[in-house]
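Only one structure is covered here, and it is reproduced in the block below.
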Amino acid sequence: MKRVIKMSKVWIAAFTFGVLLTGCGGASDSTDVSTGPGAGIAKPETGGAVVEPILPGAERSAVLSWSAPKSRANDQDIELYELDKYIISYGQDAESLDREVIVPGEGGVDMAHKISDLSTGTWYFSISVEDTDGLRSAPSGTVQKTFES
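Numbered according to this note's numbering, the sequence shown spans residues 394 to 542.
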């Protein structure tokens, strides 16, 4: 019987709403710039898009955060040690995420990864997880980040 990692609605929501999208060096009304836990977390906006002005020479980056899944598609529990890696797919076409970043799965329950050197425009991001047997989950819902020039 083939085991498939479950991307539960709760896990997808944790990824979607847990995405921290920042434009380093820029400021925006949509970003909480307070200090302490959660500082710099982008506030949700309609459609999941965040638009921030970027100062000349500033880094355009997106920091994605998520929580590890707790079960597979067949509702069997999955342990943290069974998670081999996370695959972040991204690109400027929501239908064709043509770039990937591999993040080792050994980071624990709450994970984050920063993607830098993004150009002006809208970027789309999705994440999946692969277990130690090579089984890969379906991708999460897509979130987006827009950088204006």
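For glycine and all other residues, C-beta sits at the position ideal for the given N, C-alpha and C.
Give the secondary structure of residue i by DSSP, where H, G and I count as helix, E and B as strand, and everything else as coil.
i: Glu499; result: helix
i: Glu488; result: coil
i: Glu472; result: coil
i: Ala505; result: strand
i: Gly534; result: coil
i: Lys463; result: coil
i: Asp526; result: coil
i: Leu511; result: coil
i: Ser519; result: strand
i: Ser458; result: strand
i: Glu541; result: strand
i: Glu493; result: strand
When we look at the beta-carbon of residue i and count the other beta-carbons within 10 Å, is it buried (16 or more) or exposed?
i: Ser489; result: exposed
i: Leu473; result: exposed
i: Gln537; result: buried
i: Arg465; result: buried
i: Pro462; result: buried
i: Ile495; result: exposed
Expressed to the nearest angstrom, what Euclidean distance is found between the alpha-carbon atoms of residue i and residue j?
i: Trp459; j: His506; result: 9 Å
i: Arg529; j: Ser542; result: 36 Å
i: Met504; j: Gln485; result: 23 Å
i: Ala531; j: Leu511; result: 25 Å
i: Asp524; j: Ala455; result: 25 Å
i: Thr535; j: Tyr517; result: 6 Å
i: Thr515; j: Asp477; result: 30 Å
i: Arg453; j: Phe540; result: 7 Å
i: Ser533; j: Val502; result: 17 Å
i: Ile520; j: Ala487; result: 13 Å
i: Gly527; j: Thr513; result: 35 Å
Assuming residue i contacts residue j under a Cβ cut-off of 8 Å, what Cβ separation, rounded to an integer in Å, is found between them?
i: Tyr483; j: Ile508; result: 6 Å
i: Gly498; j: Val522; result: 7 Å
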